[in-house]
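Asks: All residue numbers for the sequence shown refer to this note's numbering, where the first residue is 421 and numbers rise by one. For each residue, glycine too, the CB sits at the ideal point set by N, CA and C. Please find one structure pasted underneath; my questions will follow.
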Amino acid sequence: MRIAPNGAKVELTACTSKSRQYRIDTLTLVGSLLASQIGVKFNVTPVPSTNGGMFPGWNDAPADTPCNLTHGNFDVAEFAWVPGIDPIGSIFTTYLSKYDPSNEATGHAGNNEIRVNIPAVDTALTDAMAPST
């Protein structure tokens, strides 16, 4: 196994729903490619979608719940997300930095589970949501 620049081995937790075998298979394939090409170990972790799994909200799952998207307990997650009818409104709380579910100011209500925090993205989304004059 190759090692990271600081000498540590690289291991990633790859999460998906245990009810979707094709996602488990996809992550397993990606993991085998990463291991053979660059030495990264991919720990594929299938978990329930609900009942303490990937999707329960901030107050609905303990902070250390494996693979919980809201608490950020993952390195890679494969799941489906279908936007609503308004593409800008649908992605606004998914990518705007203030909607990081770790943010107490929003009551942990954000959908930015991947913790995007890019000022240019915030500006573009805010501008897109602004009423036109």
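Where do the N-terminal and C-terminal ends of the beta strand (DSSP E) with L545 fall, by residue?
Replies: Note, L545: premise wrong, no beta strand (DSSP E); alpha helix (DSSP H) at P539 to M549.
Asks: Is I458 close to chain B? Criterion is C-beta to C-beta, closer than 9 Å.
Replies: The structure shown contains no chain B; it holds only a single protein chain.
Asks: Do G530 and D520 have their CB atoms nearer than 9 Å?
Replies: Yes; because the gap between Cβ atoms is below 9 Å, this pair is in contact.
Asks: On the premise that V460 lies in contact with C487, defined as a C-beta separation below 8 Å, what is that separation, rounded to the nearest angstrom?
Replies: C487 to V460, Cβ: 18 Å. No contact.
Asks: Helix, strand or coil: how does DSSP classify T446 here?
Replies: T446: helix per DSSP, three-state reduction.
Asks: Exposed or buried, which one is R535 when buried takes at least 16 other CB atoms within 10 Å?
Replies: It counts as exposed.
Asks: If you count every other CB in all the chains shown that lies within 10 Å of the CB of M421, and 16 or more means buried, which is it?
Replies: In this predicted model, M421 has a pLDDT of only 47, less than 50, meaning its place in the structure is not dependable; the value taken from the coordinates is given anyway. Exposed, since its Cβ has fewer than 16 Cβ neighbours within 10 Å.
Asks: Where does F512 sit, in a helix, a strand or coil, going by DSSP?
Replies: In the structure shown, F512 sits in a helix (DSSP, three-state: H, G or I).
Asks: Classify G473: buried if its beta carbon has 16 or more other beta carbons within 10 angstroms, exposed otherwise.
Replies: Classification of G473: buried, given that the 10 Å Cβ count is 16 or more.
Asks: According to the neighbour-count rule (16 or more other Cβ atoms, all chains shown, within 10 Å of its Cβ), is L453 buried or exposed?
Replies: Under this definition L453 is an exposed residue.
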